[in-house]
Every structure is written in C-alpha cells, then in structure tokens.
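Engineer: Okay, handing you the structure first.
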Amino acid sequence: MTATALARPRVHPVTFARLVRSEHLKLRTLRSTWWALALAVAVLPLMAVMRTTSVATIADEADPAYLVGPVYVTSGVMLAQLVLCGLAVVAVTAEYRTGQVRSTLTAAPTRLPVLGAQLLVVVVTALVTGVVGVLAAWAAAAPLLGEARMGVDLTQPEHLRIMAGVPLYLAAVAAFAYGVGAALRSSAAGIASVLGLVFVVEPAFAYLPSEALQRLGAYLPTAAGSRLLTSDVLGSVVSGSRDTTLGPWAGYGVLLAWAALAVGVAAVLLRRRDV
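Start counting the sequence shown at 1206; every next residue gets the next number (our numbering).
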C-alpha cells in the first residue's frame, strides 16, 4: 500500500503562474524566436545610425526645429514592429498548426487563463525587446548626434515620451497582433491581416479624397498608437503622418483599446469553439 502510494506521480495543480512559465518555455525554446528578437533589436540601432548619418550631412542648412534627436534614434521602430507582430501571431498560431493546443487546453480546460498567459509572455517579451533596442539605438547613434546638431535630453518631456514610448508602443502593437492571431488561428492569415492593415490599409486613408475619412484613419491602431512616438514638428516615425487629431497618450489609449478588442474577440471564440 505504501509502496503503491510512493510510486504515484505527484500531480501539481494548474495555476496561472505555471501556465506563464509553460508559455515562456514554449516561446524561448524555439530557435525562430531568438532570430526574430535579435532582428527586432538589430534594426533599431541600424536605422538610427543610417538616419542620423543622413541628417548630419544637411544639419548646417536644416531648420533647428526639425532636429529632434529621439525621432531619428527611434526611426527603426517600424521594422521592429513588423518583426514583433509576426512573432506575436506565431506565438499563438503555432500550437494550432501542430495540434499541441489540444494538450494545452486539456491541462487548462477553462481556456481563458491560457490566453492570458500567452498574452502576458508576448507583451513582456515585446516590452523588454523594445527597451534593449532603443538603448542600443541611442548608444549607436550617440557619436553622430553631435555632428547632426542634435541630442537626446530626457529632461525634455517630448524626448522622454518618444524614447520611453518605443517599448510601450511595441508591447501594445504586439498585443493587438496576438489578439488577431488568436482569433484567426492561422499564421498566414494572422500575419497577412495585421501587416495588411498596418502597411496597406492605414496608409491608404491618407490618400482618400474625403477629409472625414482621413481623420477616421487617425483612429486606426498604429496610426493612433504611433502618436506616442510623434514629434509635432516632424510627425510620426511609424506612418509619417503629422495628424494631431489625437494627443500622444490619447492615441496610445486608442491602440490599447484595439488590442483589448482583438483579445476580447479571441477570448469569446476560444470559449465557443471546440478546439
């Protein structure tokens, strides 16, 4: 009797903390994750150096009002966003492609904690990547900022907002992409939908003949969220738009609302579908 009891494996209850550790393990053990994160970090200093170098060649003739250092330091955020959106979609859709999701949902039959754990891992990963990337970009561009008659002064509210806004923006846009991927359950459809919206649909609003529709475009996810990274003089480093319909934090709030909507739809579908 005692021997039988000792032979039984110890079963640990499924808690949210264990789900988070499990999802983190899944993400970090994929080689593609590390390649994607390395690329997302690398494009930030690369673009910062390229943009700052180009400005240095015309700095003597440029209007000082246009020499906003953080705008050029963070100019790689659009490419980093592309990579992290793809990673966020794959983080949730890969399980559906391999069928591993059945084991995951069997272990956590209430389902929604799994969604929350995956979302938390994706958001924190994007946030940390953004912090590392923007610091690397600042360090890489620092020797060139003086030649370009620019600087980064974190005591200036606009400079601080733009620099700190990079990880916040990347985390929010990754959450939005995750929600879309979780709702569609297909890597190809999820990535195509997110990137199509960001790089095709949103820019197209700027060319519509109706001013009302152009203003509506300011409320689309990345157009709104990128206001956090926008200099009112130079415009958005993501979309190039100078639209000021929304304030920086109001725009970021709109992006968070889009992310919440996407994740909310995914949560409803997760509860209603069989798998």
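Where is the CB? At the ideal position from N, CA and C, for every residue including glycine. The structure displayed is predicted, hence computed values, not measured ones.
Could you give the C-beta distance for Ala1175 and Tyr1383, rounded to a whole number, given that I count them as a contact under 8 Å?
Structural biologist: No answer is possible for residue 1175: the residues shown for the chain start at 1206 and end at 1480.
Engineer: Should Leu1224 go down as buried or exposed, given a rule of 16 or more other Cβ atoms within 10 Å for buried?
Structural biologist: Start at 1 with the first residue of the sequence shown, and residue 1224 comes out as number 19. With 16 or more Cβ atoms within 10 Å of its Cβ, Leu1224 is classed as buried.
Engineer: Run the CB neighbour count on Phe1381, radius 10 Å, all protein chains shown included, and call it buried at 16 or more, exposed below.
Structural biologist: In the sequence shown, counting from the first residue as 1, residue 1381 sits at position 176. Answer is buried; the Cβ neighbour count reaches 16.
Engineer: Measuring only the C-alpha atoms, how far is Ala1331 from Leu1451?
Structural biologist: Translated into positions along the sequence shown, residue 1331 becomes position 126. Translated into positions along the sequence shown, residue 1451 becomes position 246. Answer to the nearest angstrom: the Cα atoms are 24 Å apart.
Engineer: Which of the three DSSP states, helix, strand or coil, is assigned to Gly1422?
Structural biologist: Along the sequence shown, one-based indexing puts residue 1422 at 217. Gly1422 falls in the helix class under three-state DSSP.
Engineer: Using the Cα positions of Gly1338 and Leu1421, report the straight-line distance between them to the nearest angstrom.
Structural biologist: In the sequence shown, the residue the question calls residue 1338 occupies position 133. In the sequence shown, the residue the question calls residue 1421 occupies position 216. If I take the Cα positions, the gap works out to 31 Å.
Engineer: Assuming Thr1309 and Val1319 are in contact, meaning their beta carbons sit under 8 Å apart, how far apart are those beta carbons, in whole angstroms?
Structural biologist: Your numbering for residue 1309 matches position 104 in the sequence shown. Your numbering for residue 1319 matches position 114 in the sequence shown. Sure, about 6 Å apart at Cβ, within 8 Å.
Engineer: With distances taken from CA atoms, which of Val1459, Val1403, Ala1346 is nearest Val1273?
Structural biologist: Here residue 1273 is taken as the residue at index 68 of the sequence shown, counted from 1. Per the Cα distances, Ala1346.
Engineer: At what residue ranges does the stretch 1297-1349 contain a whole run of the alpha helix (DSSP H), taking only runs of 4 or more?
Structural biologist: Here the runs fully enclosed are 1306-1312.
Engineer: Under the three-state reduction of DSSP, which class applies to Ser1227: helix, strand or coil?
Structural biologist: Translated into the one-based positions of the sequence shown, residue 1227 becomes position 22. Correct three-state label for Ser1227: helix.
Engineer: Which two residues bound the contiguous alpha helix (DSSP H) that contains Tyr1374?
Structural biologist: Translated into positions along the sequence shown, residue 1374 becomes position 169. First-last of the alpha helix (DSSP H) with Tyr1374: 1362-1389.
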